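Engineer: The structure under discussion is supplied below as C-alpha cells; questions concerning it will follow.
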Amino acid sequence: MKVLVAEDNVLLGNSIKRGLEEEGWVVDLARDGKDALYYAEASEYDVLVLDWMLPQLSGLDMLKVLRDKGNEVPVIMVTARSEVADRVQGLDRGADDYLTKPFEMIELVSRLNALYRRSIARGSRLLSLGNLNIELDTLRVSIGDRPLVLTGMEYDLLVALAGKANQLQTRTVLLGLLYPFDSEPDSNSLDVLLNRLRRKLTGANVEIETIRGKGLILRVA
C-alpha cells in the first residue's frame, strides 16, 4: 500500500517514513504543501498523512484543493492543535481522521489500516474478478453461480487482496489488516489462512501468488 506523508519537521517526517516502511508501506515524503499537492495529484495513494501547518501551502488548504477537485483519497490530519474546534474544522474540510501530536507510531499504523479497509469497502460495492464476485454490502462471495462459504478471516483476506488485484501486498501490511489489535501477530497464521483460501478458490479465474521475500499478489487470469 502507498502513502504520502507531508511533514516539514525533518526528524518527525523521517521517523514516520521509517516506521511505516517497516510496516510494509511504500512511502513518499514531502516537506511542504506545494510539493505534497504535486505528489498527490501526480500519483495514486491509498492514504495521505498531512501535517496541518506546512510551509508554502497548509495541509488544511491542500486538503480543500484536493476535495474541490473531487479527489476522495483518505486523509489523516496530523497536528499539535488539540482543541475540539480545530478537529471539527479539519473534518469539515474533508479529513477522514485526526491525530494529535505527539503520538505513538502504533496508533498511526492502526488508523492507516482502518482507513485503508474503509477505502476498499467504499470504492466499489461489487468486486468482480473474472468469475469471482464479492458483494461488499451483503458479504456474499461466489464463483460463477456457486456460492462460496468463507470464515470471517478468510473473507477479510480475500477482500484485502481483491481490492488491490494485481498489486503486491506485503505480509506485514496484511497481518496489520487482519490482526489490528495484535502488536506481534503470528506470521504462520497468515499461511494457514492463505492455504485454506486457496483451496476454496479452486475454479475461480484468480490466483494468489506468493512473491518470496516480498508478499502476495492476487492475479486475475
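For the sequence shown, our numbering gives the first residue as 2, with consecutive numbering after it.
For every residue, glycine included, the Cβ atom is placed at its ideal position computed from N, Cα and C.
Computed from a prediction, not measured in an experiment: that's the story for all the values here.
Among residues of its own chain, excluding the 5 on either side of GLU8, which ones have a beta-carbon nearer than 6 angstroms to its beta-carbon?
Structural biologist: Hits under 6 angstroms: GLY14, ASP52.
Engineer: For ARG112, count neighbouring C-beta atoms within 10 Å of its own C-beta (all shown protein chains included) and say buried if the count is 16 or more, exposed if not.
Structural biologist: Buried is the call here.
Engineer: Is there at least one non-hydrogen atom of the ligand NAD closer than 8 angstroms to the beta-carbon of VAL66?
Structural biologist: This structure does not include the ligand NAD; it has no bound ligands of any sort.
Engineer: Determine the direct distance from the alpha carbon of ILE77 to that of VAL110, and round the result to whole angstroms.
Structural biologist: Between VAL110 and ILE77, the C-alpha separation is close to 11 angstroms.
Engineer: Would you call the CB atoms of LEU130 and ASN196 closer than 9 angstroms?
Structural biologist: Cβ distance not < 9 angstroms, so LEU130 and ASN196 don't count as in contact.
Engineer: Does DSSP put LEU169 in a helix, in a strand, or in coil?
Structural biologist: Coil.
Engineer: Compute the Euclidean distance between the alpha carbons of ARG172 and GLY25, then round it to the nearest angstrom.
Structural biologist: Going from the Cα of ARG172 to the Cα of GLY25 covers about 8 angstroms.
Engineer: Cα separation between VAL79 and GLU23?
Structural biologist: When rounded, the distance between both Cα atoms is 20 angstroms.
Engineer: Out of curiosity, what's the CA-to-CA distance linking PRO75 and ASP36?
Structural biologist: Cα-Cα distance, rounded: 18 angstroms.
Engineer: Give, in chain order, every unbroken run of the alpha helix (DSSP H) that is at least 4 residues long and sits entirely within the region 5-91.
Structural biologist: Listed in chain order, the complete alpha helix (DSSP H) runs (minimum 4 residues) inside the region 5-91 are 11-23, 34-43, 60-69.
Engineer: For VAL89 and ALA81, what's the separation of their Cα atoms in angstroms?
Structural biologist: Answer to the nearest angstrom: the Cα atoms are 14 angstroms apart.
Engineer: DSSP three-state label for ARG213, please.
Structural biologist: Correct three-state label for ARG213: coil.
Engineer: Could you tell me the distance, in whole angstroms, from the CA atom of GLU84 to the CA atom of MET106?
Structural biologist: Spanning the two alpha carbons is a distance of roughly 22 angstroms.
Engineer: Figure out for me which residue from LYS70, ALA96, VAL150, ASP192 has the closest Cα to the Cα of LEU116.
Structural biologist: For LEU116, the nearest C-alpha among the options comes from ALA96.
Engineer: So within the region 87-151, which uninterrupted alpha helix (DSSP H) runs reach at least 4 residues, ignoring any that extend past its ends?
Structural biologist: Taking only runs of at least 4 residues, the alpha helix (DSSP H) segments lying wholly in the region 87-151 are 106-124.
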